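Note sheet for the following structure.
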Amino acid sequence: MKQETLLERLRLKTHTLHKLVEETSISKSLMNSELTRDQYIGYLQKVLIMHTDTEKNVFPLISPYIKDLAERQKSDKILRDLKSLNSVIKISNFDFIDKEFQATVNFSFGIMYLIEGSTLGGVHLLRNIQAVLGKEGDVPRLFLNAYGNETGSKWKNFIFALTDYEKTSSEKDADEILDGAIYGFKRAYELFKTN
1199 MKQETLLERL RLKTHTLHKL VEETSISKSL MNSELTRDQY IGYLQKVLIM HTDTEKNVFP
1259 LISPYIKDLA ERQKSDKILR DLKSLNSVIK ISNFDFIDKE FQATVNFSFG IMYLIEGSTL
1319 GGVHLLRNIQ AVLGKEGDVP RLFLNAYGNE TGSKWKNFIF ALTDYEKTSS EKDADEILDG
1379 AIYGFKRAYE LFKTN
């Protein structure tokens, strides 16, 4: 019997949580024809928390393994989008990375699976956001279009980096990567369901 790859295991183990995130009201609003500018701003405020915490806590741990990590930073793009929308940055007491975070390379790779996967999914969100809010003029989209035409290749390069890392990893390491991905999706769900 063929053994599941790490990527297959990641997809399987996070599937239910992924669906939960998609079912939050903020996620649903992004794909709705009634999307408002304030809802888009609210979404950007939330992903700013996620990306700021990830860049601060996760990026330093995996920087030796992902060569183009600097190009994957998105918090500055989110800030610029919010500024273009004339939005005041809200101070939140929600920490995306909380006390359950394990400061290891394995766990961090799991969180990056969420972060990079959501960037890939952002392309689909952008279509609706542009269609609905674009009627009012240009929609700031530096974040959702962070990689531009390289979105697909950036995802593939991340998967190559993860696969290369996995080759020298133990089963325990793979389990810890899975734990990191599950943690990331759970935190995203908690973040997205808050007001």
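Oh and the sequence shown: position 76 is 1274 in the numbering used here, straight run, nothing missing.
No residue lacks a Cβ here, since even glycine has one placed at the ideal position from N, Cα and C.
Just so it is clear, the structure is predicted and the values come from calculations on it, not from any experiment.
- When the five nearest sequence neighbours on each side are left out, no beta carbon in the same chain lies closer than 6 Å to the beta carbon of residue 1350.
- Across the structure, residue 1361 and residue 1371 are spaced so that their CA atoms are roughly 12 Å apart.
- Per DSSP, the continuous alpha helix (DSSP H) segment holding residue 1243 begins and ends at 1235-1255.
- Inclusion of residue 1257 and residue 1246 in the CB contact set at 8 Å is not warranted, their separation being larger than that value.
- Taking the C-beta atoms as reference points, residue 1392 is found no nearer than 8 Å to residue 1299.
- For residue 1293, no alpha helix (DSSP H) encloses it, and the DSSP letter there is neither H nor E.
- Minimum Cα-Cα distance from residue 1270 among the listed residues 1314, 1210 and 1329 corresponds to 1314.
- The three-state secondary structure of residue 1203, taken from DSSP, is coil.
- Taking a C-beta distance under 8 Å as the contact criterion, residue 1323 and residue 1342 qualify as a contact pair.
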